[in-house]
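The structure appears right after this line, and notes come after that.
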């Protein structure tokens, strides 16, 4: 999964750069497909890969977590 994300990021970035650097009839479409690739494919895949197996409650500001933070601050 890690390598797929890297490859898709490089392809999307390459598409954006190709659209900016090579003047052609479809340069705006290359830029658009690169941006869509990053924001609709790469970022969700990256988020899924990084959050897989983690409990979301550990990162929420619940009463228990706030109490734990206050206890750590007092020490």
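Residue numbers (my numbering): 6 to 80. For each residue, glycine too, the CB sits at the ideal point set by N, CA and C.
- DSSP, read as helix, strand or coil, puts residue 34 in helix.
- In this structure the stretch 57-76 does not lie against the stretch 24-36, because fewer than three pairs of beta carbons, one per stretch, are closer than 8 Å.
- Going by beta carbons, residue 10 and residue 45 fall outside the 9 Å limit.
- The alpha helix (DSSP H) runs lying completely inside the stretch 16-69 and spanning 4 residues or more are 32-42 and 48-56, given in chain order.
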